[in-house]
Amino acid sequence: MTGKTHITYLFDPLCGWCYGASPLLAQLAAAPDLTVSLAPTGLFSDSGARAMDEQFAAFAWSNDQRIGSLTGQRFSDVYRSQVLAKGGMLDSGPATLALTAVALTAGQHELDALRFIQEARYVSGRDVTDMSELQSVLVSVGLDAAASRLASPDSDLLAANRARMASARALTREFAVNGVPGLIVDDGADRTLLKAQDLFSGGDLLARLSNTGASPARLARNSHPMKG
1 MTGKTHITYL
11 FDPLCGWCYG
21 ASPLLAQLAA
31 APDLTVSLAP
41 TGLFSDSGAR
51 AMDEQFAAFA
61 WSNDQRIGSL
71 TGQRFSDVYR
81 SQVLAKGGML
91 DSGPATLALT
101 AVALTAGQHE
111 LDALRFIQEA
121 RYVSGRDVTD
131 MSELQSVLVS
141 VGLDAAASRL
151 ASPDSDLLAA
161 NRARMASARA
171 LTREFAVNGV
181 PGLIVDDGAD
191 RTLLKAQDLF
201 SGGDLLARLS
211 NTGASPARLA
221 RNSHPMKG
């Protein structure tokens with residue numbers, strides 16, 4: 001391979017498996033021969049949002065324990081008591097909008113902002129479905145401009161948010177993606193989908209994706225040739 005390989009990260013900010021993949025994404029973003037862009041699918045927003053009832057909370061906690069065991073990511077007891085047990089809605093719309101505000105004001109920090117929002121939920125037990133809570137998270141990490149945009153969403157922010165999700169959803173249809181997280185790896189010749197099972201299957205994915213490793217086309221079976 002020559003040049004940089006580009007990775008499009010399909011995710012939802014309230015997806016536990018996406019939180020589990022957070023350390024891996026940080027490694028990929030730091031690699032000199034890789035670039036990473038975020039593509040929020042809105043999996044748990046709009047019609048995908050759902051009530052956090054007792055049954056779903058129990059399912060989520062059980063799944064979170066599996067993710068934590070596999071990845072080492074922390075799911076705290078305060079998250080269990082203050083987020084899962086309190087009910088409310090599982091709605092990633094506000095967090096997705098917050099990330100779009102970051103993308104428009106400090107795009108180089110969007111992956112960091114995602115991590116801060118995830119940790120606010122899963123470690124600190126904060127309600128990141130609440131706009132004011134999200135503003136507080138952004139301000140606490142120095143993303144004041146994004147917090148200001150989020151406080152008063154204008155038409156440009158809302159349009160950008162819709163466009164980002166539409167683009168991500170188009171990719172999920174093109175690659176027949178059924179869930180998140182997922183990576184679309186583009187080396188300039190092929191675009192390859194790496195599904196969640198590929199991300200958590202062990203081995204050094206960073207080495208395999210780097211310019212010194214194997215071609216992305218060998219990493220998964222679902223490969224699309226470049227078009228246009």
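Under the UniProt record's numbering, the first residue of the sequence shown carries the number 1, and numbering increases by one thereafter.
Glycine included, every Cβ here is placed at the ideal spot set by N, Cα and C.
Leu-209 places its beta carbon less than 8 Å from that of Leu-28.
Contact between Tyr-122 and Arg-74 is confirmed by a C-beta separation of about 7 Å, below the 8 Å threshold. Within a 10 Å sphere around the beta-carbon of Pro-13 sit 16 or more other beta-carbons, which makes this residue buried. Annotated as distal: Val-180 and Leu-143, with beta-carbon spacing of 8 Å or more. Within the DSSP bridge table, the entry for Tyr-9 names Leu-38, Leu-183 as partners. In the three-state reduction of the DSSP assignment, Thr-172 falls in the helix class.
Short of 7 Å from the beta carbon of Gly-182, and not among the five residues preceding or following it, lie these beta carbons of its own chain, in chain order: Leu-10, Leu-193, Leu-194, Lys-195, Ala-196. Nearest to Gly-107 by C-alpha distance, out of Ala-21, Ser-37, Pro-23, Thr-172, is Ser-37. Contact between the segment 85 to 95 and the segment 118 to 135 is established, with three or more Cβ pairs separated by less than 8 Å. Judged by beta-carbon spacing, Leu-171 lies within the 8 Å limit of Thr-8, meaning their Cβ atoms are closer than that value.
In this structure, Ala-60 lies away from Leu-25, with their beta-carbon atoms at least 8 Å apart. Judged by beta-carbon spacing, Leu-199 lies within the 8 Å limit of Ala-21, meaning their Cβ atoms are closer than that value. Taken through DSSP and simplified to helix, strand or coil, Arg-162 comes out as helix. With respect to the 8 Å criterion, Ile-117 and Ala-147 are not classified as neighbours on the basis of their beta carbons. Membership of Asp-190 in the beta strand (DSSP E) is indicated by the continuous run 190 to 194. Note on geometry: alpha-carbon atoms of Gly-202 and Ala-57 lie some 28 Å from one another. Check the Cα spacing between Leu-104 and each of Arg-66, Leu-157, Ala-207: the tightest is with Leu-157.
For the set Tyr-79, Arg-164, Ser-140, the Cα lying nearest the Cα of Arg-126 is the one of Tyr-79.
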